[in-house]
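>
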Amino acid sequence: MKLNLRSVDLNLLPVFDAIMEAGQLSRAAETLGMSQPAISAALQRLRHTLGDPLFVRTHQGMLPTPRARELHGQLSEQLAAMRDTLDPANRFTPATSQRRFRVLSNDYFELVVLPSLLARLRQEAPEVGVEVVLAADDMPQKLVTAEADVAVDAFAPENDRLRRQVLLEERLAVVARKQHPVLRGHCSKQQFLEAEHVVLPARNRRLPLDRILNEPGWQRRTGAQVTQFTSLLTTCSGSDLIATVPERLARQYAEALGLQTLPFPAEVPALPVYLLWSPVMDRDPAQQWFREHLLASVRT
161 MKLNLRSVDL NLLPVFDAIM EAGQLSRAAE TLGMSQPAIS AALQRLRHTL
211 GDPLFVRTHQ GMLPTPRARE LHGQLSEQLA AMRDTLDPAN RFTPATSQRR
261 FRVLSNDYFE LVVLPSLLAR LRQEAPEVGV EVVLAADDMP QKLVTAEADV
311 AVDAFAPEND RLRRQVLLEE RLAVVARKQH PVLRGHCSKQ QFLEAEHVVL
361 PARNRRLPLD RILNEPGWQR RTGAQVTQFT SLLTTCSGSD LIATVPERLA
411 RQYAEALGLQ TLPFPAEVPA LPVYLLWSPV MDRDPAQQWF REHLLASVRT
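Numbering (the numbering used here), first residue to last: 161 to 460.
(1) Could you check what DSSP says for residue 184 in three-state terms: helix, strand or coil?
(2) On the DSSP bridge assignment, give the partners of residue 290 in chain order.
(3) Kindly give me the distance between the Cβ atoms of residue 311 and residue 295, rounded to whole angstroms, as I take these residues to be in contact under 8 Å.
(4) Between the Cα of residue 288 and the Cα atoms of 359, 339, 258 and 271, which residue gives the shortest distance?
(5) Which residue comes first and which comes last in the alpha helix (DSSP H) that contains residue 350?
(6) How is residue 176 classed by DSSP in three states: helix, strand or coil?
(7) With three or more C-beta pairs closer than 8 Å as the rule, is the segment 253 to 268 touching the segment 198 to 211?
(8) Between which two residues does the alpha helix (DSSP H) holding residue 394 run?
(9) Could you tell me the distance, in whole angstroms, from the CA atom of residue 176 to the CA atom of residue 269?
(10) Between residue 410 and residue 342, how many whole angstroms is the CB-CB distance? I'm expecting something under 8 Å.
(11) From which residue to which residue does the beta strand (DSSP E) around residue 222 run?
(12) Taking all protein chains shown into account, do 16 or more other C-beta atoms lie within 10 angstroms of the C-beta of residue 233, making it buried, or fewer, making it exposed?
(13) With a CB to CB cut of under 7 Å and the five nearest residues on each side skipped, what residues in its chain are close to residue 396?
(14) Taking 7 Å as the limit between beta carbons, can you name the residues of its chain near residue 317, skipping five residues before and five after?
(15) Within 10 angstroms of the Cβ of residue 171, are there 16 or more other Cβ atoms? Answer buried if so, exposed if not.
(16) So for residue 428, helix, strand or coil by DSSP?
(17) For a test of the three-state rule: what should DSSP assign to residue 273, helix, strand or coil?
(18) On the DSSP bridge list, what partners appear for residue 434?
Rendered as structure tokens:
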């Protein structure tokens with residue numbers, strides 16, 4: 161026997177969608193502008209209507225049941241389409257918009273991508289802003305809960321709640337000051353291993369660069385550890401330490417900092433840098449516009 165839609169309060173569906181995306185009742189309540197007791201009551205009504213618990217409370221938040229995952233996969237796009245159709249606020253006019261897009265990344269994005277991206281955005285949207293926030297291990301959760309618009313990272317987590325696309329591909333380069341006593345236009349493997357290196361902190365996840373440089377026979381002599389790419393470059397500029405960095409970054413700033421850019425002393429595959437976002441943003445016209453310009457800014 162089919163469910164009678166007249167018996168279903170359709171106002172409960174946005175509540176269900178918000179809990180799925182937020183993973184917590186309190187965050188869902190904040191997103192919808194409701195109290196937590198009201199969210200809990202709405203969930204109880206939806207559980208009764210559908211005959212399924214939908215969510216199980218855990219220490220990590222509200223864990224969806226298989227039935228909830230199935231429902232969300234079927235409903236999320238329809239709800240997003242309804243919002244776009246019915247809500248005038250979803251209309252996006254770049255020329256007059258003052259929207260601020262939040263990007264989770266690091267100073268690689270700020271140094272290599274942001275300047276050309278802003279130049280493109282200013283042509284159509286003079287008042288749109290971009291805010292870069294340091295990416296951390298909670299990046300997937302921040303995207304899912306819409307605390308950020310997109311992320312740009314060399315690490316793409318296997319997460320069915322995220323979309324991903326290759327933004328660009330990088331190759332590795334070695335940088336050293338132009339007056340380096342040993343390196344003069346070339347860096348052999350032996351020279352690479354004998355030199356002191358300035359490195360970034362190890363992250364909780366293994367990036368492609370980490371895997372390459374931690375293979376047997378590639379252990380570096382670490383002379384200094386810094387927090388960002390900018391510090392890698394300036395440290396090499398003022399000392400005999402060397403660093404392994406993305407080639408685009410090296411070529412863009414080598415001349416200004418008095419650095420030489422040397423090929424990495426082994427053949428390694430190109431390293432992808434990913435653009436990541438939540439599927440709930442797929443139909444948002446502002447998000448679509450921003451992602452298109454982000455992709456175009458690195459391909460021109």
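The C-beta atom is built at its ideal place from N, Cα and C for all residues, glycine as well. Quick caveat, the model's predicted, so the values are computed rather than measured.
On the basis of the coordinates in this document:
(1) Mapped onto the sequence shown, residue 184 falls at position 24. In the structure shown, the three-state DSSP call for residue 184 is coil.
(2) In the sequence shown, counting from the first residue as 1, residue 290 sits at position 130. According to DSSP, residue 290 bridges with 261.
(3) By 1-based counting over the sequence shown, the position of residue 311 is 151. By 1-based counting over the sequence shown, the position of residue 295 is 135. Separation of the CB atoms of residue 311 and residue 295 is rounded to 6 Å, and the pair is thereby assigned contact status at 8 Å.
(4) In the sequence shown, the residue the question calls residue 288 occupies position 128. With distances taken between Cα atoms, residue 288 lies closest to 258.
(5) Counted from its first residue, the sequence shown places residue 350 at position 190. Looking at the DSSP string, the run of the alpha helix (DSSP H) that includes residue 350 is 349 to 354.
(6) Your numbering for residue 176 matches position 16 in the sequence shown. Helix at residue 176.
(7) Contact between the segment 198 to 211 and the segment 253 to 268 is absent, because fewer than three Cβ pairs lie under 8 Å.
(8) Counting from one through the sequence shown, the residue named residue 394 turns up at place 234. Under the DSSP assignment, residue 394 falls in the alpha helix (DSSP H) whose first and last residues are 389 to 397.
(9) If you number the sequence shown from 1, residue 176 lands on position 16. If you number the sequence shown from 1, residue 269 lands on position 109. So the alpha carbons of these two residues sit roughly 35 Å apart.
(10) What you label residue 410 is simply residue 250 of the sequence shown in a count that begins at 1. What you label residue 342 is simply residue 182 of the sequence shown in a count that begins at 1. The distance from the Cβ of residue 410 to that of residue 342 is about 18 Å, inconsistent with a contact at the 8 Å cut-off.
(11) As a first step, residue 222 must be located in the sequence shown, where it is residue number 62. Boundaries of the beta strand (DSSP E) harbouring residue 222: 221 to 224, taken from the DSSP string.
(12) Taking the sequence shown and counting its residues from 1, one reaches residue 233 at position 73. Residue environment for residue 233: exposed (fewer than 16 other C-beta atoms within 10 angstroms of its C-beta).
(13) Mapped onto the sequence shown, residue 396 falls at position 236. Correct list, in chain order: 335, 336, 337, 358, 402, 403 and 419.
(14) Position 157 of the sequence shown, counted from the first residue, corresponds to residue 317. 300, listed in sequence order.
(15) Position 11 of the sequence shown, counted from the first residue, corresponds to residue 171. Residue 171 is exposed by the Cβ-count criterion.
(16) Start at 1 with the first residue of the sequence shown, and residue 428 comes out as number 268. If DSSP states are grouped into helix, strand and coil, residue 428 belongs with coil.
(17) By one-based count along the sequence shown, residue 273 stands at place 113. If DSSP states are grouped into helix, strand and coil, residue 273 belongs with the helices.
(18) Here residue 434 refers to the residue found at position 274 when the sequence shown is read from its first residue. In the DSSP assignment, residue 434 is bridged to 313 and 326.
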